[in-house]
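J.: Input: one structure, supplied below.
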Amino acid sequence: MAHNIVIPTRDKLFNLGEFFTLTKGNILTAFILVGGLIITFIRFTQGIGSVANLSDVQPWGMWIGFDLLCGVSLAAGGYFTTVACYVMGMKHFHSAVRPAVTTAFLGYAFVVVALLYDLGHWWRLPYMFFFPGTTSVLFEVGLCVATYVTVLFVEFSVAPCEWLAEKFPFLIKWRALVNRFTIILTIFGVTLSTLHQSSLGSLFLIAPGKLHPLWYSPFIPMFFFVSSMAAGGSMVIFEGMLAHKGVHHYMDATHLKEADEVTFSFSKAVSFILFAYFMIKFTDMLVQANIPYLCSGYGAIWLLEMFGFILLPAFLYAKGSRERNLKLCRFAAVNTVLGIVFNRFNVSMIAYNYALPSAERYFPSIWEIWISCFVVTMIVTAYRFIVYHMPVLYEHPHFKDAH
Amino acid sequence: MNRRRFLTILGSAGLASALSTAKTAHAAGGTHTWPYHENSYGVLHDTTRCIGCRRCEAGCNKVNNLPKPDKSFDDLSVLDKNRRMTPTSWTVVNKYELNGKPVFRKLQCFHCNDPACASACFAKCFQKQPDGSVAYDGSQCVGCRYCMVACPFYVPSFEYDDAWDPLVVKCTFCEPRLKEGKLPGCVEACPMDALTFGRRSDLIKVARARIKNNPGKYVDYIYGEWDAGGTAWMVLAPSAPVAASKDSHQATGHEFASLGLDTHLGNRPMGELTGGALGAVPMIVAFWPVLFGGAYAIAKRREAMHKAETETIVKEAKEDMAAAMDAAVRKIAETQGPGMADTARQAMADALKARENTCANCGHHGEDK
């Protein structure tokens, strides 16, 4: 092996040194986190209006458009990978499962954290279970996300169990229990994901007059679900790329050996999904007789999204996986991820309230954007903590039986 | 918890959600007969009578004990700009132009028959009351503001600047006053009779009579009779015929659009738009486990078959190899003698073993890239 992985032991459980070296990454992290904490304090003592540009006509902005809509769809790697590995039986993806489940769990957990910023009475979030408004799409989203965070926590929990098993041996029992239920958890997870990924799109079904016709469609739930698959697969490739840059020295031989194959296989799969996504969106545009809108400014944005961020990465993925070109596949992954963000921004902000005069339109404040960056930074930091301590990118020597 | 119990809980959760959705469809969608609540009240706003004096705004402000605005209600210069409702002004009058003439329209909650806000709220804060008002109870409001996204009229506003108890605010139809037998504050304050309070069913008749008795004065349409499933507050607009042009035939009702009213809402409640998506939930809950369970079973079965097949092939290959070796050794024994045959057998066995070892190891090479 080219490197030795630091594996925490009973006597030395923590490995925090990496956080306290003066690297560019650590300094930037500290800067964003400190600023974020200050804005957090202001937000929770002075109200939403003190930091956000939200208005009565634009009640949802950056925190919903990015933190919630993008956060959830980009955390789709969890269900995408577990289904590929456990349900479809593609065992050679096994080393990709833990990183994917870890990032998915973190993604969802921090979606909930970010949501608290946007909620006026954030401490009343559980009220939806006491006074369930069953006619609301948001209720379904809330119920599914709450349940799915729990499922992801259980799926993820084997990693901390293995980390702490020497100190707290009873955790081994929990780990064994979770492993026994892997397939049930996976199927439960994909069911919940189907529901809430699509429902995030359904949220906008009730506002046909506000969302531009090129994006408003009775099939918007399907668009959101199909694109979440593409997002999930691409995020696995994208995060893999970042992980190879930052935490390469925590990857074991199996992970490194399987990583490229994961990238190529996922590239091929996502290529197909993106083609399908392009086709259903294009067909929907034709069926709804939206061609006249293509000649407007919004038409240009729509065409850019369709061709530059769906069809282009689909081709790049196809070419990359065919020629086994790692760089190309990674480029396509970034392209796809940006495309998903672009789409969610279009639906929630850019093409939302399209009929209003520009003076009444919304642009996020610097502080809203900062909070969004703050949340992303917290996810990255939590991910680093987990990778430094828990067997995510390597197999723990005591638990080689995992599969 | 054993597996069976776990599955039982899963199953009953699915069933429960299916049942609740079914009940929901009954309550929110389906086949209403209008008026939604028989004998419910409404208000007819006749914009041909409105002079934009803002007395209704002052009346609303007074009866609801709202803070005094910076500019007094007598100041009509505020009409130069389009305004909207805020947490401290629950109704506003805006000025629009129709054929070069000013027309004033009062904005407030329309008190829909089947309100989008109530359908969208996930904590059940909104309630359509039998008296016609759409009531909001902030005590269980989470502050998600989905009601504001849902409302096709952009009515609810939010107290963004309140950190500790920010609530959604909108016109209440002066429900407390209705209970006392009084008129809503704005209706009482109107000097022009531009706001007519009454039972919704009567107001529709009144509106029809006005349209009929004043040929050419009104657009032959009562905004809110059917729009978005019908609203308690309805609007009459002055007719403003467009100069005869080739597309004049499609201009009917353009007056309402000029008054800032969405004329494309359709005649069904907005909440029904989400009914289909929500109705699919129990289907997915019921079918996905079967679909993915089936995929799992297929993958597993294929894996087992593949394994069995591989084993057979390996076994056959081994048997072939052994038979060939045996034949070779026999031949050597015949031609070269038994001693030579033993040496050959040993050499072949060693070579095989060595090969097997390298194969077993090759899985552990292929390191860092």
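Each protein sequence line maps, in turn, to chains X and C. Counting along the first sequence from 1, when you hit position 210 you're at 1072 in our numbering, and nothing is skipped either side. Counting along the second sequence from 1, when you hit position 42 you're at 1085 in our numbering, and nothing is skipped either side. By construction, the Cβ of each residue, glycine as well, lies at the ideal position given by its N, Cα and C atoms.
My output table needs one value for X/Gln908: the three-state DSSP class, helix, strand or coil.
T.: X/Gln908 falls in the helix class under three-state DSSP.
J.: Listing by chain order, which chain C residues have their CB less than 9 Å from the CB of X/Ile1233?
T.: Ordered by position in chain C, no residue passes the 9 Å Cβ test against X/Ile1233, which lies about 15 Å from the chain.
J.: Please identify, using Cβ separations under 7 Å, the residues of the segment 1165–1185 of chain C that lie next to chain X, in order along the chain.
T.: Phe1165, Ala1166, Lys1167, Gln1183, Cys1184, Val1185
J.: On the criterion of 16 or more Cβ atoms from any shown chain inside 10 Å, does X/Lys1029 qualify as buried, or is it exposed?
T.: exposed
J.: Of all the CB atoms in chain X, is at least one closer than 9 Å to the CB of C/Tyr1084?
T.: no
J.: Alpha carbon to alpha carbon, how far is C/Asp1208 from X/Val1254?
T.: 43 Å
J.: DSSP state of C/Ala1178, grouped into three classes?
T.: When secondary structure is reduced to three states using DSSP, C/Ala1178 falls in the strand class.
J.: Here's the rule I'm using: 16 or more other beta-carbon atoms within 10 Å means buried, otherwise exposed. How should X/Ile1228 be labelled?
T.: By the beta-carbon neighbour count (other beta carbons within 10 angstroms, threshold 16), X/Ile1228 is exposed.
J.: So with Cβ pairs under 9 Å, would you call C/Trp1331 a contact of chain X?
T.: Yes, contact with chain X.
J.: Residues of chain C with a CB under 7 Å from the CB of X/Val1067: which are they?
T.: What sits at residue 1067 of chain X in the sequence shown is Leu, not Val. Within chain C, the residues near X/Leu1067 are Leu1316, Thr1317, Ala1320.
J.: Under DSSP, the beta strand (DSSP E) around C/Pro1145 begins and ends at which residues?
T.: 1144–1150 is the extent of the beta strand (DSSP E) around C/Pro1145.
J.: Using the Cβ count rule (16 or more neighbours within 10 Å means buried), how would you classify X/Cys1157?
T.: exposed
J.: So, helix, strand or coil for X/Phe1140, using DSSP?
T.: helix
J.: Can you find a C-beta in chain C that's less than 9 Å from the C-beta of X/Ala1153?
T.: In the sequence as displayed, the identity of residue 1153 of chain X is Ile instead of Ala. Not a single C-beta of chain C is nearer than 9 Å to the C-beta of X/Ile1153.
J.: In whole angstroms, give me the CA-to-CA distance for X/Thr871 and X/Arg1192.
T.: 35 Å
J.: Strictly below 7 Å CB to CB, what residues from chain C border X/Asp873?
T.: Those within 7 Å of X/Asp873 in chain C number zero; the least Cβ separation is about 29 Å.
J.: Would X/Asp918 pass as an interface residue toward chain C - the criterion being a Cβ-Cβ separation below 9 Å?
T.: yes
J.: Determine the DSSP secondary structure at C/Gln1379, reduced to helix, strand or coil.
T.: helix
J.: Would you please verify whether the beta carbon of X/Gln1150 is less than 9 Å from any beta carbon of chain C?
T.: no
J.: Have a look at C/Ala1338, C/Asp1174, C/Ser1162 and flag the residue whose alpha-carbon is nearest the alpha-carbon of C/Gly1241.
T.: C/Asp1174
J.: Can you look up X/Glu1230 in the DSSP assignment and give me helix, strand or coil?
T.: helix
J.: Answer yes or no: do X/Thr964 and X/Tyr1250 have a C-beta to C-beta separation smaller than 9 Å?
T.: X/Thr964 is not a Cβ neighbour of X/Tyr1250, given a cutoff of 9 Å.
J.: Residues of chain X with a CB under 9 Å from the CB of C/Tyr1139: which are they?
T.: What C/Tyr1139 touches in chain X: nothing, since even the nearest Cβ is about 14 Å away.
J.: Kindly say whether X/Ala1008, judged by its beta-carbon, lies nearer than 9 Å to any beta-carbon of chain C.
T.: no
J.: Alpha carbon to alpha carbon, what distance is there between X/Arg1042 and X/Lys1262?
T.: 16 Å
J.: Please say whether C/Trp1331 and X/Val1052 have beta carbons closer to each other than 9 Å?
T.: One thing to note: X/Val1052 has its Cβ within 9 Å of the Cβ of C/Trp1331.
J.: Please report whether the beta-carbon of C/Val1135 lies at a distance below 9 Å from any beta-carbon of chain X.
T.: no
J.: Starting from the Cα of C/Pro1312, find the closest Cα among C/Val1135, C/Pro1195, C/Cys1168 and give me that residue.
T.: C/Pro1195
J.: For a quick check, are the C-beta atoms of C/Met1235 and C/Ile1094 less than 9 Å apart?
T.: Taking 9 Å as the Cβ cut-off, C/Met1235 and C/Ile1094 qualify as a contacting pair.
J.: So, with DSSP's three-state summary, where would you put C/Asp1089?
T.: strand
J.: With respect to the alpha helix (DSSP H) encompassing X/Leu977, which residues constitute its N-terminal and C-terminal limits?
T.: 956–980
J.: Using the rule of at least 16 other Cβ atoms within 10 Å of the residue's Cβ for burial, across every protein chain shown, is C/Thr1386 buried or exposed?
T.: exposed
J.: Count the CB pairs spanning the segment 1085–1105 of chain C and the segment 1139–1151 of chain C that are closer than 8 Å, and state whether there are at least three.
T.: yes
J.: Please check if any C-beta of chain C sits within less than 9 Å of the C-beta of X/Met1211.
T.: no
J.: Does the Cβ of C/Asp1204 have 16 or more other Cβ atoms within 10 Å, making it buried, or fewer, making it exposed?
T.: Looking at its Cβ environment, which holds fewer than 16 other Cβ atoms inside 10 Å, C/Asp1204 is exposed.
J.: Whole angstroms are fine: how far does the CA of X/Val1124 sit from the CA of X/Ser957?
T.: 9 Å
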